[in-house]
Amino acid sequence: KIMMCWVTETNENAHKYIRPDSYKFHSSMMGGLGIGANISKFDDASVQIYKGHIAKYKEIRDTVQFGDQYRLLSPRESNLSAVQYINKNGKDIVIFVFLHGQKYGDFNPNVRLQGLEPDALYQVNDLRLHGSTLMNAGLAVDLFGDFDSTLIRITKLNE
């Protein structure tokens, strides 16, 4: 079903490739989330950041662990990758999008979802979009630079 995924501390000598906490958490939320860091040495700000990510994971855990998974964009084909999960009830959707690296002139394609009902309405932030729009036109994702990521939550509406 899933594998354990760990958020770990960054090697102090790896300055060129330091990943933001959000990137590490987003990639680790795609499984059973674990923390592999000495949290007793964290400052208050870091503790609050970790608490926020852990709380978000608890909200989406059922969808990620027991839902259907769709690999939307492969990291083998571009620097952008995306994975979608749909809860068994078909109502809760979670999408993780990762920008692994960006070069001058690169653009991010829209992320086209899968497994939705074409005629159903879905809530995406403050937008209401049909499943057909999300699957054909997709979502524009605003990521920039190296190791940027986002978590998108979508809800199917009962209308």
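All residue numbers for the sequence shown refer to the working numbering, where the first residue is -17 and numbers rise by one. Even for Gly, the Cβ is constructed at its ideal location relative to N, Cα and C. Please read all numbers here as calculations on a predicted model, not as lab measurements.
When you compare the CB positions of THR115 and VAL76, do they come within less than 7 Å of one another, or not?
no
Proximity of ALA122 and ASN92 at Cβ, strictly below 7 Å
yes
How is the alpha helix (DSSP H) around LEU116 delimited, first residue to last?
113 to 118
Note down the Cα distance separating ARG43 from VAL79, rounded to an integer number of angstroms.
17 Å
Which residues does DSSP pair with SER131 in a beta bridge?
PHE80
Which stretch, first to last residue, makes up the beta strand (DSSP E) that contains GLY97?
First-last for GLY97: undefined, no H or E at that position.
So, helix, strand or coil for ILE37, using DSSP?
Looking at the sequence itself, residue 37 is Ala, so the reference to Ile does not match. Three-state DSSP puts ALA37 in a helix.
Measure the alpha-carbon distance for ILE68 versus MET11 and round it to whole angstroms.
15 Å
Classification of ASN107 by the beta-carbon crowding that lies within 10 angstroms, buried from 16 upward
exposed
Mark GLY83 as exposed unless 16 or more other C-beta atoms lie within 10 angstroms of its C-beta, in which case mark it buried.
exposed
Under 7 Å between C-beta atoms, does PHE48 make it to chain C?
Annotation note: the requested chain C is absent from the structure, which comprises a single protein chain.
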